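The next block holds one structure in the form of structure tokens; read it before the comments.
There are 2 protein chains.
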Amino acid sequence: MTSDGIGAAFAPHDHSHCSARALADAAERLASEGARLTPVRRRTLEILLENHRAMGAYEVLDRLAAEGFGRQPPVAYRALEFLVQHGLAHRLQRLNAFAACLHPGEEHQPAFLICDRCDRIAEVPSGPMRAALAEVAAGSGFAVDRVTVEAVGTCAICAEDRG
Amino acid sequence: MTSDGIGAAFAPHDHSHCSARALADAAERLASEGARLTPVRRRTLEILLENHRAMGAYEVLDRLAAEGFGRQPPVAYRALEFLVQHGLAHRLQRLNAFAACLHPGEEHQPAFLICDRCDRIAEVPSGPMRAALAEVAAGSGFAVDRVTVEAVGTCAICAEDRG
DNA sequence: TCCGTCATGTTATGAAGTTACACTTGGCTT
DNA sequence: AAGCCAAGTGTAACTTCATAACATGACGGA
Ligand SMILES: [Zn+2]
Ligand SMILES: [Zn+2]
Ligand SMILES: [Zn+2]
Ligand SMILES: [Zn+2]
Numbered sequence: 028m029t030s031d032g033i034g035a036a037f038a039p040h041d042h043s044h045c046s047a048r049a050l051a052d053a054a055e056r057l058a059s060e061g062a063r064l065t066p067v068r069r070r071t072l073e074i075l076l077e078n079h080r081a082m083g084a085y086e087v088l089d090r091l092a093a094e095g096f097g098r099q100p101p102v103a104y105r106a107l108e109f110l111v112q113h114g115l116a117h118r119l120q121r122l123n124a125f126a127a128c129l130h131p132g133e134e135h136q137p138a139f140l141i142c143d144r145c146d147r148i149a150e151v152p153s154g155p156m157r158a159a160l161a162e163v164a165a166g167s168g169f170a171v172d173r174v175t176v177e178a179v180g181t182c183a184i185c186a187e188d189r190g
Numbered sequence: 028m029t030s031d032g033i034g035a036a037f038a039p040h041d042h043s044h045c046s047a048r049a050l051a052d053a054a055e056r057l058a059s060e061g062a063r064l065t066p067v068r069r070r071t072l073e074i075l076l077e078n079h080r081a082m083g084a085y086e087v088l089d090r091l092a093a094e095g096f097g098r099q100p101p102v103a104y105r106a107l108e109f110l111v112q113h114g115l116a117h118r119l120q121r122l123n124a125f126a127a128c129l130h131p132g133e134e135h136q137p138a139f140l141i142c143d144r145c146d147r148i149a150e151v152p153s154g155p156m157r158a159a160l161a162e163v164a165a166g167s168g169f170a171v172d173r174v175t176v177e178a179v180g181t182c183a184i185c186a187e188d189r190g
């Protein structure tokens, strides 16, 4: 993870810095891969970066449509898929939703903490869990490819607010 | 897990035994909780138990309808929800599908191995992973409630069949 | 028997995701 | 410059997944 510390999403912070850096990283990263950060894609990423929450594809689509982009589902799904494929966003299986990645560039397949009170999302390292899983899987001859780890619970802010 | 061993789903075995026992356990368990294993619910469980795969709600619904039960989505969703709530079935987030639990009665919140070649599913213990996750989560003040761990990969049988 | 609760069924609707196809754009070849 | 191709963007139409709202039936206790 980055020097921001783990779970920074659940603590007050300068979010404009957070998102500006992610965007800059993204542009650089894509350039080096020969992939194009077109207007829709860029705007989609910006929208996801607005806060530490996950957004449904149709929610993103509404925003895009309101700004003059296409208003059909594939517009959003294609942009989101592109971002996910390039490691700039993640898909949250439990929520059928997407969130911007806050430290792209680092090879990762993170675990997610999802607060069910405020809907904020944090990425945390999943290395130890993946290792533990790979081990038990190997015991039954299963070769793990991708792992989804998503925890639902209560974040620090909400725990304080509401006991 | 049971004496069947971990990941038994991915090895040849006497499946009728597997499913008969799960069904018997289910009936007993529900009786002790005062919950009713009605015909639709029982049949739904039997259908899920037919193999070690996950089924979509509509796939289950088709089967139920063909057997004279209701043919509208809530029929399947209610039965499935009931089974999940009583620990007799699990929901696979990545697949939007359901699978019978093969060792009910044991308090568990398992991890799943999903073979993307044959669609078979296995439950494995998730204790170590949940512990690791709880630790890193606690570091950011997040209290974990429920965890989803789902691994996609290749099972032993498919690995052998196709290299 | 009356009543309340749970269970089952229906219709209708909402939410999520994909397929197929047309048009444009921008780079590359000739 | 003209022609070509691949990638990107847009649309319509549709499938799949899931829930809301409401009516009826089964069952056990007062
Ligand atoms: Zn990330
Ligand atoms: Zn929260
Ligand atoms: Zn189980
Ligand atoms: Zn397999």
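Going down the list, the sequences are from chains A and B. Residue 28 is where the first sequence starts when you use our numbering, and the numbers rise one by one after that. Residue 28 is where the second sequence starts when you use our numbering, and the numbers rise one by one after that. Quick reminder that beta carbons are idealized off the backbone N, C-alpha and C, glycines included. Since the structure is predicted, the reported quantities are computational estimates derived from the model, not experimental observations.
{"Query": "Quick check on the DSSP output: the alpha helix (DSSP H) that includes B:G180 runs from which residue to which?", "Result": "It is not in any alpha helix (DSSP H) - B:G180 instead sits in the beta strand (DSSP E) that spans 170-181."}
{"Query": "Would you kindly work out how many angstroms separate the C-alpha atoms of B:A126 and B:M82, rounded to a whole number?", "Result": "6 Å"}
{"Query": "What are the start and end residues of the beta strand (DSSP E) that includes A:E150?", "Result": "148-151"}
{"Query": "Would you grab the beta carbon distance between A:V67 and A:V102 for me? Rounded to a whole angstrom, and I think it's under 8 Å.", "Result": "7 Å"}
{"Query": "Please say whether A:P100 and B:V163 have beta carbons closer to each other than 8 Å?", "Result": "no"}
{"Query": "Looking at the C-beta of A:D188, does it have a partner C-beta in chain B at a distance below 8 Å?", "Result": "no"}
{"Query": "Mapping the DSSP letters down to three states, classify A:R157 as helix, strand or coil.", "Result": "helix"}
{"Query": "Shorter than 8 Å from the beta carbon of A:F125 to some beta carbon of chain B?", "Result": "no"}
{"Query": "Applying the 10 Å Cβ sphere with the 16-neighbour rule, what's the burial state of A:D41?", "Result": "exposed"}
{"Query": "Residues in its own chain within less than 8 Å of A:Q120 by CB, not counting five upstream and five downstream?", "Result": "T175, E177"}
{"Query": "Quick check on B:E108 - is its C-beta less than 8 Å from some C-beta in chain A?", "Result": "no"}
{"Query": "Assuming B:L115 contacts B:L72 (C-beta within less than 8 Å), just tell me the rounded distance between them.", "Result": "6 Å"}
{"Query": "Taking B:L160 as the reference, which of A:L160, A:A161, A:M156 has the closest Cα?", "Result": "A:M156"}
{"Query": "In angstroms with no decimal places, state the Cα-to-Cα distance between B:L140 and B:G154.", "Result": "15 Å"}
{"Query": "Within 10 angstroms of its Cβ, does A:H44 collect 16 or more other Cβ (buried), or is it exposed?", "Result": "exposed"}
{"Query": "Can you tell me where the alpha helix (DSSP H) with B:R118 in it begins and where it stops?", "Result": "Premise fails: B:R118 lies in the beta strand (DSSP E), 116-119, not in any alpha helix (DSSP H)."}
{"Query": "With a CB to CB cut of under 6 Å and the five nearest residues on each side skipped, what residues in its chain are close to A:L64?", "Result": "A54, L57"}
{"Query": "Between B:C9 and chain A, is any beta-carbon pair separated by less than 8 Å?", "Result": "With chain B running from 28 to 190 in the structure shown, residue 9 of chain B is simply not present."}
{"Query": "If you draw a straight line from the C-alpha of A:D89 to the C-alpha of A:R98, how long is it?", "Result": "7 Å"}
{"Query": "What residue range is occupied by the uninterrupted beta strand (DSSP E) comprising A:L140?", "Result": "138-142"}
{"Query": "Compare the C-beta of A:D41 against all C-beta atoms of chain B and say whether one is closer than 8 Å.", "Result": "no"}
{"Query": "Spell out the partners DSSP gives A:F125 in its beta bridges.", "Result": "A:M82, A:R118"}
{"Query": "Output the residues surrounding ligand 4, defined as those with a CB atom closer than 6 Å to any ligand heavy atom, in chain order.", "Result": "B:C142, B:R144, B:C145, B:R147, B:C182, B:I184, B:C185"}
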